[in-house]
Each structure stands twice: as structure tokens, then as C-alpha cells.
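So the structure is just underneath, and the comments pick up after that.
Chains as they are written, first to last, in our numbering: chain A, -16 to 158; chain S, 133 to 587.
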């Protein structure tokens, strides 16, 4: 219990030194990783069953040669592709937004520094320190979020593309 | 006065001369009688002169007597002066001896009085700025008087004074460790005065009605801070005032109010937005436009999406949604070849496309333009700053800092508009794309499936 309160206090202190922007970045990174995890779980778990079902329904067709068959195959692949690519664009945008929010934090922090300077002059470095920490911590957090997300999102995109290609290969047309 | 009498004499003389001239002119000249007259006058004058001589000699004796008296007096005074001078010298020696004795007798006490003076001066300052003085006023006055008294050499501190210093120091120390309540006049919002219960937390903070107070030593008044800290802190102030005993959490300003004082000077969000100036308002206007378009798009895409989803389940092509209209192509041309049908389909899809993707590009443009406008504001702000430097030099960092914070605010506004707009654009774009995908790839498939079933 004490450990829990301690850790909550530590997080609160960190958020206080980083300012409100840090909180937004934290929420964004959290949501981003939730989406990424959901995608991973879907790729390794949910999609396999769906893929098998599509393949079976295609192979179960009596004729796989006509215009109709080709269109139906196209629909199947397009639906699979939609399922695979769901949320990927959103994840990409979140990765791109992380450094932007970091920049926002930097600028708001700098504004605070200059406000302090406008009131007290350049004499007291200690009173400027809170603004400086509000400028630098969100930048760092934004970078961490972007770097952690960029690998995952690239991997997910390549994986989705490969799955679609594999699916296309496995659903052969009879000639 | 003397000059005046001379003048009158001369005037009289002139008058008499003119008179004699006139009489001379009137009467015939008689030289003998004139000579006679002169002789008589001469004898009369010599009588007068002898009288004067006699008077003068009589006076001379008198003057000699006066001189003698004065000389005697002078010699007497000289001797008196000598006597006083020797006495002065003796007194000076005596005084030096006495001062020696005094410093010898005071010994270590002298050091004590020095320390006492210093302590009294220091605590006078400390008491004047301490928030404890809001509850117990008038302590610094005594300390001030004592310090001045000790500064002058003629007076010494009494034992009562020394004990009072000790008492006051001890009292300040004791009060610093206490949370105490007292009623006093507080200047509340709007400048009105009100009698309120005030809680003092040691020598650090004063709170009343869940609000932090400011103590101004010069006027000895309490006033509510016009800008209170965030609610997380003010709520602890309310808790403290309501608590009767036990331990409560309280957000303390360890500097005794100076951090809270700075809070008043820091601009709030609305003031910062106004610092952005014209460019800032343009950015906000563009952001509002993007928001309105986004809401309209969101609602219409939601409606269209719902209708398309219903159409996917339905077998009859309906006219109220894009998918239905595309599928109707098949019904309109029931007997055409497949490649002609494909062309007709893609034509119908092209017709639907602008309705779905309408205004999305505008949102994207705004998401790109907003940070650029922010940059514009930054540059104009910096130009203003440099103009200020040209006029006033770099001597005053406060002057420059104001301009720089103005410049940065527009950057913030640009980012604040751009970040959600990018988000919104992505979400709307994904929705629109998925709808188009349904039209493009699935309409043909659905038709194919249906024709297969019908066949």
C-alpha cells in the first residue's frame, strides 16, 4: 500500500515537473500502445481463423474462373485487407504527433521561462528552472513515444502487407 | 540723518546768501560798515572758542579715568580666562579617566550590548515580514526602538528590555510550530473588508475560507490572493480550516508567501492567448473553421456509413445511399456485358466520390497551415522584440522577455490547432477511405454474388 502511494506520488511529481503537456503525451502514448497491442494480438490470434475461413470458402467454390469469381475473390481479399489495416493509420498519426506534442511542451515551457524573466529578470536561475524542466521533459517524452511507436508501426504495416500478399497467393484462380 | 541736517543747513546758507545779495543789490555798498561787522563777528567767535577749549580740557580728565577703569577690568578678565582654561584641561583628563573606568567596568557586557543591538535589528526585520505579525502586531516596533536605543551611547538596556527580547524570540519560535485560528479583518475580492476566521500555519501561510491570503507588512493588512493556486492545493486549505484535530494534508508555501505572490503576476491562459495578437486570432479562427467542418463531415460520414451498412445486409438496392446508387447500375442495365458493366460501375463510383471526400482536403490544409501561421507570428513577434532592442538596448531583459513570450504564444496556438486537426483528418480520412473501398471493390463483388445466386 505504501509502495503504491509512493509510486503514485512519484508519478505525480514527474507530471508536475513536466506540466500539463506531459500528461497529454502520456495519454497519447498509452492509447498508442493499446492500439499496437490490439493489432499484435489480432495478427497472431484473431486473423488466423479468419484467413482459414476465407481460404476454405474460396476453395469450396465449384468454379474459380469467371468474372463473378474474380470479383468475389477481390471482395474477400479487400475485406481481409480492411481488417488488417484497421487503426494502422491512426497509430501512424499518433507516432507523428508525439514529437509535435513534445514541441508544444517545449514552447509552453519556454513561455513560462520568459514570463518568469519578465517578472524577476535574469537574476534568479532557480525560479526559471521549473519552466526549463517543463520545456525539456515533454520533448524527451515525445521522443521516447515516437521512437517506441515507430518500430512497432513499421512492423505492423509490413506484416499487414505481407499477409495480404500471402492471402492473394493462396487463393488461386483456375485457368 | 546726518546728511539730511547738512542739506538743510546748506539750504539755509544758500537762502541767506541770496538774501544778502538781494539786500546788497537793494542798498548802496558801504565798505566801512562791512569791516565793522567783520570785526565784531571775530571778537564774538573768539569768545566762543575759549569756552569750548575750557569744556574740552574738563572732559579730558574724565576720559583718562574711564581708560584706567577699563584696563583694570581687562586684566581681571584675562586672569579669569586662565583659571577656566586650566579647569577645562583638568576636566578633560577626569573625563578620559572616567571613560576608561566605564569601559573597564563594562568589560564583557559591552559585547553583550553589541549582540543585543544586532539581534534587535535583525528580529525587527524578521518580525515585520513574518505572517505571525498578522496575529500579534506591533512586535517589530519594540525591537526597532531597542535597536535605536542601543545605537546611542548614552543609554543602556534595562533587564526588562533584555528579557522582552528573549520573550519575543521565544514566542516567534513557538508560534512557528503552531496552527492557530483567530478572527481579523480580511480584504476580500472586490476590495471589501470582512471579519473572518483566519488560520495561520506556522510562519508560512495564512488561509481563510479555503483561500490563501497575502500579508502586507507595511500596512499590516490581510488580503485574499486575487489568483489562487490550482484547486488541488486550495482544497487542502479548505480541509485544514474545517479540521478540528488530527492530521490533515496541506499544501505549504515554504517561502512564507513569496511564491504565492509571484503566482499573481503570472498571466493565465486567457491572457496568454491575448498576447498572441492578430496572428493568434487568425490561427484560432482557422482552427474553429476546421472544427466546424470536421463536425459536419463526421456527422454526414456517420449517417452515410450507417446507410451503406444497412444496404450491405439488404438485397434490394436503395436510392438513399452511395452503395445503393452504385448497385442500381446493375438493375438499370440488366443485359450488358461484364466489361461494360465494370465501366458503368466505375463511372457511378466516380460520381459518388466527391460527396464522400468533400472538404477533407481543407481540413488537411488547415492542419498544415496552422503551424506555419504560428511560425509567422513567431517571426513578427521577434521583429517586435528586435525593434524594442533597437530603441531601448538590451539592458532590460524584462522588456525583451515580454516580446519573446508574445512570439512563442503564436507557435503554441499553431500547434494547439494543428495537433487535433491532424488527428481529426486521419480519423475522417480513414472513414471516407473505407467507404470508398466498399464502393470500389465490394460493389462489383456484391453484384457478382447476387448474379451467381440468381443464376
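Ideal placement from N, C-alpha and C gives every residue a C-beta, glycine not left out.
Next on the checklist: Taking 7 Å as the threshold (beta carbon to beta carbon), is residue 549 of chain S in contact with chain A?
Outcome noted: Output row for residue 549 of chain S: interface = no.
Item to check | Short CB-CB distance (under 7 Å) between residue 384 of chain S and chain A | outcome: Residue 384 of chain S does not count as touching chain A.
Next on the checklist: Excluding the 5 residues flanking residue 281 of chain S on each side, which residues of the same chain have their C-beta closer than 6 Å to its C-beta?
Outcome noted: Closer than 6 Å at the Cβ level, and outside the excluded window around residue 281 of chain S, lie 287.
Checklist entry - Name the chain A residues whose beta carbon is nearer than 9 Å to that of residue 555 of chain S? => result For a Cβ distance threshold of 9 Å, residue set 73, 76, 77, 80 of chain A lies close to residue 555 of chain S, ordered along the chain.
Checklist entry - So, helix, strand or coil for residue 153 of chain S, using DSSP? => result Note that residue 153 of chain S scores a pLDDT of 48, beneath 50, so its modelled location is shaky and nothing firm can be said.
Checklist entry - In chain order, what residues of the region 559 to 572 of chain S put their CB closer than 9 Å to some CB of chain A? => result Within the region 559 to 572 of chain S, contact with chain A at the beta-carbon level (separation under 9 Å) is assigned to 559, 561, 562, 565, 566, 569, 570, 572.
Next on the checklist: With a threshold of 8 Å, are at least 3 pairs of Cβ atoms found where one atom belongs to the region 476 to 486 of chain S and the other to the region 450 to 468 of chain S?
Outcome noted: Flag = yes, the region 476 to 486 of chain S and the region 450 to 468 of chain S touch.
Item to check | Reference residue 37 of chain A; option with closest CA among A:55, A:9, A:-7 | outcome: With distances taken between Cα atoms, residue 37 of chain A lies closest to A:55.
Item to check | Minimum Cβ-Cβ distance from residue 416 of chain S to chain A less than 7 Å | outcome: So, not an interface residue.
Next on the checklist: Strictly under 7 Å for the Cβ-Cβ distance: is residue 39 of chain A near chain S by that measure?
Outcome noted: Taking Cβ atoms only, chain S never reaches closer than 7 Å to residue 39 of chain A, which makes this a no.
Checklist entry - Taking buried to mean at least 16 other C-beta atoms within 10 Å of its own C-beta, is residue 407 of chain S buried or exposed? => result Note on residue 407 of chain S: 16 or more other CB atoms within 10 angstroms of its CB, so buried under the neighbour-count rule.
Checklist entry - Can you list, in chain order, the residues of its chain whose CB lies under 7 Å from that of residue 46 of chain A, leaving out five sequence neighbours each side? => result Excluding its 5 nearest sequence neighbours in each direction, residue 46 of chain A has C-beta neighbours in its own chain below 7 Å: 52, listed in chain order.
Checklist entry - In chain S, what lies closer than 8 Å to residue -4 of chain A by C-beta? => result Listed along chain S is no residue with a C-beta nearer than 8 Å to that of residue -4 of chain A; the closest approach is about 13 Å.
Next on the checklist: Counting C-beta neighbours from all protein chains within 10 Å, is the total for residue 518 of chain S 16 or more, i.e. buried, or is it exposed?
Outcome noted: Taking all protein chains shown into account, residue 518 of chain S has fewer than 16 neighbouring C-beta atoms within 10 Å of its C-beta and is therefore exposed.
Next on the checklist: So, with DSSP's three-state summary, where would you put residue 151 of chain A?
Outcome noted: Residue 151 of chain A falls in the helix class under three-state DSSP.
Checklist entry - Closest to residue 75 of chain A by CA distance: which of A:6, A:150, A:137 is it? => result Taking only the C-alpha atoms, the option nearest residue 75 of chain A is A:137.
Item to check | Spatially closest choice to residue -4 of chain A from A:120, A:33, A:151, by CA coordinates | outcome: Nearest C-alpha to residue -4 of chain A: A:120.
Checklist entry - Applying the criterion that 16 or more other CB atoms from any shown protein chain within 10 Å of the CB defines a buried residue, is residue 169 of chain S buried or exposed? => result An exposed status is given to residue 169 of chain S, since fewer than 16 other beta-carbon atoms sit within 10 Å of its beta-carbon.
Next on the checklist: Can you pull out the residues from the region 97 to 124 of chain A whose beta carbon lies closer than 7 Å to at least one beta carbon of chain S?
Outcome noted: Result list: 97, 98, 100, 101, 102, 104, 105.
Item to check | Reduced DSSP category for residue 287 of chain S - H, G, I as helix; E, B as strand; rest coil | outcome: Residue 287 of chain S falls in the coil class under three-state DSSP.
Checklist entry - Under the three-state reduction of DSSP, which class applies to residue 348 of chain S: helix, strand or coil? => result In the three-state reduction of the DSSP assignment, residue 348 of chain S falls in the strand class.
Item to check | Close-in-space but distant-in-sequence residues of the same chain around residue 393 of chain S (CB under 7 Å, 5 per side omitted) | outcome: Once the five neighbours on either side are set aside, the close Cβ partners of residue 393 of chain S are 346.
Checklist entry - Along chain S, in chain order, which residues have C-beta atoms closer than 8 Å to that of residue -9 of chain A? => result Going along chain S, no residue has its Cβ under 8 Å from residue -9 of chain A, so there is no contact; the nearest lies around 13 Å.
Next on the checklist: Comparing C-alpha positions only, which one of S:352, S:225, S:240 sits nearest to residue 271 of chain S?
Outcome noted: With respect to the C-alpha of residue 271 of chain S, the residue from S:352, S:225, S:240 having the closest C-alpha is S:352.
Next on the checklist: Could you check whether residue 447 of chain S and residue 564 of chain S sit closer than 7 Å to each other, using their CB atoms as the reference points?
Outcome noted: No; because the gap between Cβ atoms is not below 7 Å, this pair is not in contact.
Checklist entry - Can you list, in chain order, the residues of its chain whose CB lies under 8 Å from that of residue 377 of chain S, leaving out five sequence neighbours each side? => result The beta carbon of residue 377 of chain S is closer than 8 Å to none in its chain, skipping five residues each way along the sequence.
Item to check | Contact list for the region 434 to 459 of chain S against chain A, Cβ threshold 7 Å | outcome: The residues in question: there are none.
Checklist entry - Between the beta-carbon of residue 90 of chain A and the beta-carbon of residue 540 of chain S, is there less than 7 Å? => result Closer than 7 Å, so yes.
Item to check | Of the residues S:577, S:379, S:331, the one placed nearest residue 311 of chain S, counting alpha carbons only | outcome: For the residues S:577, S:379, S:331, the minimum Cα distance to residue 311 of chain S belongs to S:331.
Next on the checklist: Using 8 Å for Cβ pairs, my map puts residue 41 of chain A next to residue 123 of chain A. What's the rounded Cβ distance?
Outcome noted: Wrong, their Cβ atoms sit about 50 Å apart, outside the cutoff.
Item to check | the region 60 to 74 of chain A / the region 85 to 100 of chain A touching (three or more Cβ pairs under 8 Å) | outcome: Short answer: they don't touch.
Checklist entry - chain S partners of residue 48 of chain A, CB-CB under 7 Å? => result The contacting residues do not exist; residue 48 of chain A stays about 13 Å from chain S at best.
Item to check | Burial state of residue 219 of chain S (16 or more Cβ within 10 Å) | outcome: Result: exposed.
Checklist entry - If you draw a straight line from the alpha carbon of residue 440 of chain S to that of residue 434 of chain S, how long is it in whole angstroms? => result Going from the Cα of residue 440 of chain S to the Cα of residue 434 of chain S covers about 10 Å.
Checklist entry - Just checking, does the region 78 to 90 of chain A make contact with the region 98 to 109 of chain A on the three C-beta pairs under 8 Å criterion? => result Between the region 78 to 90 of chain A and the region 98 to 109 of chain A there are fewer than three C-beta pairs closer than 8 Å, too few to call the two in contact.
Item to check | Collapsed DSSP secondary structure at residue 310 of chain S in the structure displayed | outcome: Residue 310 of chain S falls in the coil class under three-state DSSP.
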